[in-house]
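Data first, discussion second: the structure below is written as structure tokens.
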Amino acid sequence: MKQLLVVTSILFSTILSFAQSSGMDDGKLRIIAIGAHPDDCDAKFGGTAALFAEMGHAVKFVSVTNGDAGHQTEGGGALAKRRRAEARESARRLGIDEYVTLDNHDAELVPSLEVRHQIIRQIRNWNADVVLSPRPNDYHPDHRYTGELVQDAAYLVIVPNVTPDTPPLTKNPIFLYFSDRFQRPNPFRPDIAVAIDKTVDKKMAGLDAHVSQFYEWMPWTVGKDGEVPEGAEDRKKWLKKVFGAFQGSSISDEHRKSLEKWYGKKAKDVKFSEAFEVCEYGKQPNDEEIRRLFPMLK
Ligand SMILES: [Zn+2]
């Protein structure tokens, strides 16, 4: 009986790993967004992630650092624990599958081999079709290095001899960048623009879960900590007013042009949107492939 169990379990895990590696699928797209801090993916991709989730696709957020430096009066393990809980609550509100916070120190991230292996494992284990990250030009070193680490992984995820404890992907995913406002050496290019009017309230609810950040730390960094209202509903309204414009909801002329490309005449009615740039590494999608991977654009 014991032998039978062992054989069954080996058989099952073989089928499972074959299913994963062959992409034998349930029709679900598998999306992984990798940010530096436990609120970055929410801010740049929360609305689109909620749309994917509503359509039944699998979405995972990863924070490469544990966020243990992001507060004016708290820090260390206690803050990391608080932020991990906030991230999980945000995932719940967005309706996505998972939010993982890796235990690298905040504001101390370097593009080391060790962290590269962590990123490769995350992308492989998720069997990702689409990977998102910041660009490597950004004011925050953790954002820059997260961008670099994901780029470093973009080819290596298919190489069996790299990080051999985790089976390689059999197909290279497409890699996309989150939007940003930085101009040098080149500005962000909105190749893909997604209308998020339908899910913007979910996105704001996700951000609202990060109490330590949006009501404590970030207001403090810009001298607005005295302005945060007390009540939960008033706070949410304040968040939408103060931070909404900076969280990927403001639409530039270039961004608007991209919306017109993807939505045609309907683009003019879009109030909230998130945009993404296709990275030159990884699989290079044509427009048809982008519409397959972003079915909300159909
Ligand atoms: Zn960040």
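Numbering (my numbering), first residue to last: 125 to 422.
Every residue, glycine too, gets a C-beta built ideally from N, C-alpha and C.
- The C-alpha of Lys-168 lies about 11 Å from the C-alpha of Leu-331.
- The C-beta separation of Asn-190 from Thr-225 comes to about 5 Å, placing the pair in contact by the 8 Å criterion.
- Under a 10 Å Cβ-count criterion, Pro-297 is classified as buried, with 16 or more other Cβ atoms of the shown protein chains found around its own Cβ.
- With respect to the 8 Å criterion, Val-234 and Tyr-269 are classified as neighbours on the basis of their beta carbons.
- In the three-state reduction of the DSSP assignment, Tyr-279 falls in the helix class.
- Secondary structure of Asn-228 (DSSP, three-state): strand.
- Check the Cα spacing between Phe-299 and each of His-195, Leu-273 and Ala-391: the tightest is with Leu-273.
- For Asp-164, the CB falls within less than 7 Å of some heavy atom of ligand 1.
- Per DSSP, reduced to three states, the secondary structure at Lys-385 is helical.
- The nearest non-hydrogen atom of ligand 1 is less than 7 Å from the C-beta of Asp-266.
- For Val-402, DSSP records a beta bridge to Leu-300.
- Around the beta carbon of Lys-327, 16 or more other beta carbons lie within 10 angstroms, which makes this residue buried.
- Going by DSSP, Phe-185 is part of the beta strand (DSSP E) stretching over 182-189.
- DSSP places Leu-331 inside the alpha helix (DSSP H), whose first and last residues are 324-332.
- Looking only at Glu-413, Asp-411 and Gly-406, the smallest Cα-Cα distance to Ala-278 is reached by Gly-406.
- Taking 8 Å as the cut-off, the Cβ atoms of Ile-220 and Val-183 count as close.
- Below 8 Å, too few C-beta pairs join the stretch 189-208 and the stretch 248-263 to call them touching: fewer than three.
- Shortest gap from the CB of Ala-333 to any heavy atom of ligand 1: 7 Å or more.
- When DSSP states are grouped into helix, strand and coil, Ala-319 belongs to the strand group.
- Rounded to the nearest whole angstrom, the C-alpha separation of Pro-292 and Arg-154 is 16 Å.
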